[in-house]
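Colleague: The letter at position 19 of the sequence shown is residue 83 when you use the numbering used here, and the numbering goes up by one with no holes. All C-beta atoms, glycine included, are put in the ideal place defined by N, C-alpha and C.
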Amino acid sequence: MNAQTLEIYEIFKKKIGEPEASKVITYLEDAKDKEIGSAVERKIEHLATKEDLAKLDSKVSDVKSEIIKWMFIFWVGQIAVFAGIVFAVLKMK
65 MNAQTLEIYE IFKKKIGEPE ASKVITYLED AKDKEIGSAV ERKIEHLATK
115 EDLAKLDSKV SDVKSEIIKW MFIFWVGQIA VFAGIVFAVL KMK
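#1: Locate the alpha helix (DSSP H) running through residue 67, then write down its first and last residues.
#2: Taking only the alpha-carbon atoms, compute the straight-line gap between residue 133 and residue 145 and give it to the nearest angstrom.
#3: Should residue 89 and residue 72 be called a contact, given that it needs their Cβ atoms to be closer than 8 angstroms?
#4: In terms of residues, what are the limits of the alpha helix (DSSP H) holding residue 133?
#5: Within this structure, are the beta carbons of residue 77 and residue 67 separated by less than 8 angstroms?
#6: Does DSSP classify residue 111 as helix, strand or coil?
Right, dumping it as structure tokens:
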């Protein structure tokens, strides 16, 4: 029991008696423990494992290769357009 729990126990003991106060405190402590336990379980569900990180790393690698591929295609297209414009301007003169 911490200081706060002891204070609450003393208040309940004066109002409803020692056995009932003890039951109330026990109930409150059990409820607090369950709440803390469920909060920990919820946090554990969101933790990443080494396996999760390996999958993420492979996905990132795949996405990087896709981006590089599309950047190359874009650059080739831009160079072709630019070369066409230069050729058209030179042919006009």
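Modeller: According to the structure shown:
#1: By 1-based counting over the sequence shown, the position of residue 67 is 3. Note, residue 67: alpha helix (DSSP H), 67 to 80.
#2: By one-based count along the sequence shown, residue 133 stands at place 69. By one-based count along the sequence shown, residue 145 stands at place 81. Going from the Cα of residue 133 to the Cα of residue 145 covers about 19 angstroms.
#3: Translated into the one-based positions of the sequence shown, residue 89 becomes position 25. Translated into the one-based positions of the sequence shown, residue 72 becomes position 8. At the C-beta level, residue 89 and residue 72 come within 8 angstroms of one another.
#4: Taking the first residue of the sequence shown as 1, we reach residue 133 at position 69. Note, residue 133: alpha helix (DSSP H), 114 to 156.
#5: Residue 77 sits at position 13 when you count from the first residue of the sequence shown. Residue 67 sits at position 3 when you count from the first residue of the sequence shown. Pairing residue 77 with residue 67 gives a Cβ-Cβ distance that is not under 8 angstroms.
#6: Here the question's residue 111 lines up with position 47 in the sequence shown. Coil at residue 111, not helix or strand.
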